[in-house]
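Peer 1: Protein chains in written order, with this note's numbering: chain X, 229 to 657; chain E, 229 to 657.
The structure's right below; bear with me while I get my questions together.
Okay, here's the thing in structure tokens:
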């Protein structure tokens with residue numbers, strides 16, 4: 229099989245490794261990368277990984293310090309926890325402490341894809357430099373983007389679709405939640421304050437040149453994503469998605485791989501339509517969603533709310549799930565929150581992969597179910613999404629009969645079912 | 229407005245209370261109860277509650293001792309935790325200790341609907357009496373059903389659809405997981421061992437007479453539900469659903485309210501079809517599902533796996549969700565597991581109610597989102613599904629600025645969004 233160069237600076241090694249992991253032939257993979265329906269990242273010490281059409285649904289964990297909690301060591305603990313829990317990518321969203329130092333430390337210890345959101349740091353530095361975030365200049369913003377890219381990140385979220393026109397579209401359909409994207413709201417406020425267009429849009433060609441130079445993919449941020457189920461799929465969101473679709477084409481033409489971010493808060497019956505809109509309007513660029521959360525009322529449990537939306541969204545075609553932790557809407561996540569968030573998103577991703585027909589997905593379930601029917605607890609533990617959690621739960625609840633569990637004991641349905649099958653077979657076992 | 233008697237022994241008080249809670253007029257409700265598309269239970273000290281067409285999606289929590297853990301006090305703790313967490317019903321599935329004593333104690337302390345599965349106790353007593361579970365007699369089984377009904381339970385799960393014909397149907401399509409219902413597997417083993425038909429099917433008229441006498445609803449158990457995604461919607465399951473449909477009509481004709489239990493383990497893309505099959509084959513009887521779990525590989529997190537399936541299933545028309553706890557497939561749940569299970573199912577139920585158009589459902593989300601946009605933390609806490617969890621999480625992560633949270637601090641998107649809105653309004657606030 230001959231494999232043409234996929235372009236975008238994706239190396240033959242990265243292509244081969246992804247093709248092997250995804251059980252897809254390299255020529256097909258290469259073609260999809262060329263077309264932009266798959267984005268391939270990693271290499272040079274970072275685990276190669278692809279998101280997009282036909283790929284396993286991937287999971288991202290957001291990390292990062294805040295002004296109240298600027299502790300680097302704590303974020304590195306979360307990084308290691310996220311990777312151990314199976315995150316395919318992490319994003320460093322730090323806004324507190326020495327942001328450059330934190331990003332470089334995270335990169336040094338991060339074996340998986342790393343993304344960042346440079347706009348936070350640009351605003352933070354503007355406050356330090358000018359005494360006011362809103363005095364940030366476009367040059368300063370682009371310089372921070374370049375600084376992040378030079379630190380060997382794999383992708384950058386840039387809210388290029390928050391424009392005068394899309395912010396105006398918001399006003400045509402009043403929202404309950406306003407703008408809930410941190411980057412999106414800061415940029416919109418900046419635009420209003422300075423009566424100027426978003427530099428990330430106005431100077432998009434310069435931005436692409438920077439990304440191209442460093443081989444960094446663009447994650448087109450959804451700065452106007454809905455933050456309330458009432459606001460889902462509204463004029464502002466759809467206007468932004470249309471702009472992002474144009475920006476996807478310009479990125480591809482400039483040699484920059486692009487994917488598109490999506491909501492947010494979406495009621496169950498609008499999720500499929502959101503995927504369709506992104507795929508149609510953004511030329512089948514991979515879709516990266518945050519949740520989506522199917523209700524607003526469950527702070528403390530938004531990893532579950534997000535897993536419901538994420539599973540439906542990924543089954544409908546979303547490619548990359550950003551986790552939501554139990555701390556969402558309440559505060560900075562702890563290490564335990566990070567683990568719960570990754571696990572919940574992995575469940576959503578895998579449940580979708582079963583029905584997407586991702587090679588090997590259903591086989592995992594079948595192996596687990598066979599182990600269950602054999603009461604093979606060792607195999608069940610090893611096959612579990614989180615073997616440690618299985619071990620802990622079983623260990624907490626010892627049973628008189630090690631082969632059964634503390635739920636059923638002698639009323640074990642597996643035993644009764646096997647007894648019946650054996651009896652039916654006339655076996656004396 | 230005149231309200232005809234709904235029949236089935238449903239009192240005018242119960243009807244009025246449910247109509248008020250569900251924001252539906254009593255005449256419409258009465259008609260649905262008569263038709264059997266809604267089942268109304270409770271009264272006489274038990275909170276009246278309805279499941280079925282147009283009603284809020286309800287949540288059940290399974291409790292009960294096991295042979296390894298026969299402790300009554302522990303189960304009462306779980307009962308109180310489940311009710312405090314918002315369970316609409318509980319089932320006592322005890323199989324260990326003095327089962328009569330436990331059931332009566334649970335009933336005495338249970339303010340919400342109570343269901344049981346009498347077959348477990350019948351098998352347990354057969355072992356004590358005859359030295360072998362399989363020597364249970366049909367008379368003994370029916371006597372245990374009557375004993376449960378006399379203890380003022382609201383509904384009983386009875387696996388009447390596990391018949392010679394439906395068990396034979398299982399063999400036409402081999403399964404990975406066999407029979408995973410505890411009652412279903414024990415009955416199938418009993419039928420094979422004794423070469424006899426299931427007494428719950430053969431003596432269904434006698435069973436209905438008992439239920440009718442005590443005004444207890446029948447939850448037609450899905451003894452052949454799939455226990456692996458590979459086994460979903462197979463010949464055995466569908467054969468049983470067809471039988472349950474016939475039994476629904478016989479129950480209604482005999483003056484017994486009936487609803488139907490469903491899976492189990494179902495891949496995402498088969499959930500809607502499962503709801504359609506139940507509604508069509510079972511004459512629109514309310515559908516009570518366990519999960520469904522959308523993957524087999526996540527023991528330790530099956531409350532999340534079940535919430536994904538439950539939300540999709542309820543949005544498609546399921547009426548009553550049996551919770552799944554993080555301990556599913558591993559052991560007897562703890563109090564913490566019970567709380568996590570109820571909360572996960574309540575999220576699924578509410579996410580579905582938003583799109584089902586249940587009166588008041590979306591308004592709850594909108595109130596929360598307004599509170600969020602106002603940074604009104606007191607209101608957010610009070611409106612949360614679990615105010616205590618919100619308080620704990622916030623309390624754990626103090627911030628320099630009480631109005632913000634530890635995630636964003638000065639980068640708060642709500643503030644930036646409000647700043648922009650105020651600026652746009654030309655306000656000096």
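All C-beta atoms in this analysis are idealised placements derived from N, C-alpha and C, irrespective of residue type, glycine included.
(1) Check each candidate in E:625, E:637, E:564 and E:531 and name the one with the smallest Cα separation from residue 287 of chain E.
(2) Could you confirm whether any beta carbon from chain E is found closer than 7 Å to the beta carbon of residue 551 of chain X?
(3) What are the start and end residues of each continuous alpha helix (DSSP H) run of 4 or more residues lying completely inside the stretch 419-480 of chain X, in chain order?
(4) Restricting to Cα atoms, I'd like to know which of X:578, X:395, X:535 and X:299 is closest to residue 492 of chain X.
(5) Determine, for residue 308 of chain E, whether the minimum Cβ-Cβ distance to residues of chain X falls below 7 Å.
(6) Is there a Cβ from chain E that is less than 7 Å from the Cβ of residue 398 of chain X?
(7) Counting only Cβ-Cβ distances shorter than 7 Å, please list the residues of the stretch 614-638 of chain X near chain E, keeping chain order.
(8) Beta strand (DSSP E) containing residue 288 of chain E: first to last residue?
(9) Could you tell me the distance, in whole angstroms, from the CA atom of residue 323 of chain X to the CA atom of residue 487 of chain X?
(10) I'd like to know if residue 297 of chain E contacts chain X, where contact means its C-beta is closer than 7 Å to some C-beta of that chain.
(11) Against residue 560 of chain E, what residues of chain X qualify as contacts under a CB-to-CB distance less than 7 Å, listed in chain order?
(12) Where do the ends of the alpha helix (DSSP H) carrying residue 348 of chain E lie?
(13) Below 8 Å on C-beta distance, what does residue 344 of chain X contact in chain E?
(14) I want to verify the contact list: residues of chain E whose CB lies under 7 Å from the CB of residue 528 of chain X, in sequence order.
(15) Looking only at its own chain, which residues have a Cβ that is under 6 Å from the Cβ of residue 221 of chain E, when we skip the five neighbours before and after it?
(16) At least one CB of chain E closer than 7 Å to the CB of residue 358 of chain X: is that the case?
(17) So is residue 357 of chain X buried or exposed if we call it buried at 16+ other beta carbons inside 10 Å?
(18) Please report the distance separating the alpha-carbon of residue 527 of chain E from that of residue 437 of chain X.
(19) Decide if residue 234 of chain X is buried, meaning its Cβ has at least 16 other Cβ atoms within 10 Å, or exposed.
(20) Which chain E residues are close to residue 366 of chain X, counting only those with a beta carbon under 8 Å from its beta carbon?
(21) Does the distance from the CB of residue 490 of chain X to the CB of residue 452 of chain X come in under 7 Å?
(22) Output yes or no for whether 7 Å exceeds the beta carbon distance between residue 180 of chain X and residue 382 of chain X.
(23) Out of E:635, E:432, E:587 and E:456, which one is the CA nearest neighbour of residue 446 of chain E?
(24) Check whether the Cβ of residue 320 of chain X lies closer than 7 Å to any Cβ atom in chain E.
(25) How would you write the range of the alpha helix (DSSP H) that residue 270 of chain E sits in, first residue to last?
(26) For the stretch 364-380 of chain X against the stretch 292-308 of chain X, do three or more pairs of beta-carbon atoms, one drawn from each stretch, fall closer than 8 Å, so that the two count as touching?
(27) Please state if the CB of residue 496 of chain E and the CB of residue 281 of chain X are separated by a distance shorter than 7 Å.
(28) Any beta-carbon of chain E closer than 7 Å to the one on residue 648 of chain X?
(29) Taking all protein chains shown into account, decide if residue 656 of chain X is buried (16 or more other Cβ within 10 angstroms of its Cβ) or exposed.
(30) Rounding to the nearest angstrom, what Cα-Cα distance links residue 633 of chain X and residue 259 of chain E in this structure?
(31) If I'm right that residue 392 of chain X touches residue 419 of chain X with Cβ under 8 Å, what's the distance once you round it to whole angstroms?
(32) Spatial neighbours of residue 278 of chain E within its chain, please: CB distance less than 6 Å, with the 5 preceding and 5 following residues excluded, ordered by chain position.
(33) If contact means a Cβ-Cβ distance below 9 Å, which residues of the stretch 484-504 of chain E contact chain X?
(34) Give me the Cα-Cα distance between residue 283 of chain X and residue 577 of chain X, rounded to the nearest whole angstrom.
(35) Would you say residue 571 of chain X faces chain E, with C-beta separation under 7 Å as the test?
(36) Tell me whether residue 317 of chain X sits in a helix, a strand or coil according to DSSP, three-state version.
Peer 2: Taking the structure as given:
(1) Looking up residue 287 of chain E in the second chain gives position 59. Nearest of E:625, E:637, E:564 and E:531 to residue 287 of chain E, Cα basis: E:531.
(2) Reading the first chain from its first residue, position 323 is the one you call residue 551 of chain X. Contacts with chain E at 7 Å (Cβ-Cβ) do not include residue 551 of chain X.
(3) If we require 4 residues or more, the alpha helix (DSSP H) runs fully inside the stretch 419-480 of chain X come out as 427-430 and 432-442.
(4) To locate residue 492 of chain X, count along the first chain from 1; it is residue 264. Residue 492 of chain X has its Cα closest to that of X:535, out of X:578, X:395, X:535 and X:299.
(5) Your numbering for residue 308 of chain E matches position 80 in the second chain. Judged by the 7 Å Cβ criterion, residue 308 of chain E is not in contact with chain X.
(6) Sequence index remark: in the first chain, residue 398 of chain X carries index 170 (1-based). For residue 398 of chain X, the answer is no, since every Cβ of chain E falls outside 7 Å of its Cβ.
(7) The stretch 614-638 of chain X vs chain E, Cβ under 7 Å: 614, 617, 618, 621, 622, 625, 627, 628, 633, 634, 635, 636, 637 and 638.
(8) The residue labelled residue 288 of chain E in the question sits at position 60 within the second chain. Residue 288 of chain E -> beta strand (DSSP E) spans 286-291.
(9) The residue you call residue 323 of chain X lines up with position 95 of the first chain. The residue you call residue 487 of chain X lines up with position 259 of the first chain. C-alpha separation (whole angstroms): 24 Å.
(10) As a first step, residue 297 of chain E is located in the second chain; it is residue number 69 there, counting from the start. Residue 297 of chain E counts as touching chain X.
(11) As a working mapping, residue 560 of chain E is identified with position 332 in the second chain. Those are 625, 634 and 635, listed as they occur along chain X.
(12) The count along the second chain starts at 1 and reaches residue 348 of chain E at position 120. Residues 346-358.
(13) To locate residue 344 of chain X, count along the first chain from 1; it is residue 116. Residues of chain E passing the Cβ test: none, with the nearest at roughly 14 Å.
(14) In the first chain, the residue the question calls residue 528 of chain X occupies position 300. Within 7 Å Cβ-Cβ: 612, 614, 617, 618 and 621.
(15) Because chain E is modelled from 229 through 657, residue 221 of chain E falls outside the range shown and cannot be assessed.
(16) Here residue 358 of chain X refers to the residue found at position 130 of the first chain. Answer no: the Cβ-Cβ gap between residue 358 of chain X and chain E never drops below 7 Å.
(17) The residue given as residue 357 of chain X occupies position 129 in the first chain. Classification of residue 357 of chain X: exposed, given that the 10 Å Cβ count is below 16.
(18) Locating residue 527 of chain E in the second chain gives position 299, counting from the first residue. Locating residue 437 of chain X in the first chain gives position 209, counting from the first residue. Taking the straight line joining both Cα atoms gives about 47 Å.
(19) By 1-based counting over the first chain, the position of residue 234 of chain X is 6. Its Cβ being crowded by 16 or more others within 10 Å, residue 234 of chain X is buried.
(20) The count along the first chain starts at 1 and reaches residue 366 of chain X at position 138. Under a criterion of Cβ atoms nearer than 8 Å, no residue of chain E is adjacent to residue 366 of chain X; the nearest Cβ is some 18 Å distant.
(21) Residue mapping note: residue 490 of chain X aligns to position 262 of the first chain, counting from 1. Residue mapping note: residue 452 of chain X aligns to position 224 of the first chain, counting from 1. Cβ atoms of residue 490 of chain X and residue 452 of chain X: not closer than 7 Å.
(22) Within the shown structure, residues of chain X are numbered from 229 to 657, placing residue 180 of chain X beyond reach of any answer.
(23) The count along the second chain starts at 1 and reaches residue 446 of chain E at position 218. Of E:635, E:432, E:587 and E:456, the residue nearest in Cα terms is E:432.
(24) Locating residue 320 of chain X in the first chain gives position 92, counting from the first residue. Residue 320 of chain X does not count as touching chain E.
(25) Position 42 of the second chain, counted from the first residue, corresponds to residue 270 of chain E. From DSSP, residue 270 of chain E is part of no alpha helix (DSSP H) but of the beta strand (DSSP E) over 266-271.
(26) The answer is no - the stretch 292-308 of chain X does not touch the stretch 364-380 of chain X, with fewer than three Cβ pairs under 8 Å.
(27) Taking the first residue of the first chain as position 1, residue 281 of chain X is located at position 53. Taking the first residue of the second chain as position 1, residue 496 of chain E is located at position 268. Result no, Cβ atoms of residue 281 of chain X and residue 496 of chain E do not sit closer than 7 Å.
(28) Counting from 1 along the first chain, the entry for residue 648 of chain X is found at position 420. Closer than 7 Å to some Cβ of chain E, the Cβ of residue 648 of chain X qualifies, so yes.
(29) Mapped onto the first chain, residue 656 of chain X falls at position 428. Note that residue 656 of chain X scores 33 on pLDDT, short of 50, meaning its location in the model is unreliable and no value can be drawn from it.
(30) Along the first chain, one-based indexing puts residue 633 of chain X at 405. Along the second chain, one-based indexing puts residue 259 of chain E at 31. Approximately 45 Å, taken between the alpha carbons.
(31) Walking along the first chain from the start, residue 392 of chain X turns up at place 164. Walking along the first chain from the start, residue 419 of chain X turns up at place 191. With a Cβ gap of about 7 Å, residue 392 of chain X and residue 419 of chain X count as contacting.
(32) The residue you call residue 278 of chain E lines up with position 50 of the second chain. Once the five neighbours on either side are set aside, the close Cβ partners of residue 278 of chain E are 246, 266 and 268.
(33) For the stretch 484-504 of chain E, residues whose beta-carbon sits nearer than 9 Å to a beta-carbon of chain X comprise 493, 495, 496, 497 and 498.
(34) The residue given as residue 283 of chain X occupies position 55 in the first chain. The residue given as residue 577 of chain X occupies position 349 in the first chain. Their backbone Cα atoms lie some 11 Å apart in a straight line.
(35) Looking up residue 571 of chain X in the first chain gives position 343. Taking Cβ atoms only, chain E reaches closer than 7 Å to residue 571 of chain X, which makes this a yes.
(36) As a position in the first chain, residue 317 of chain X is number 89, starting the count at 1. Strand at residue 317 of chain X.
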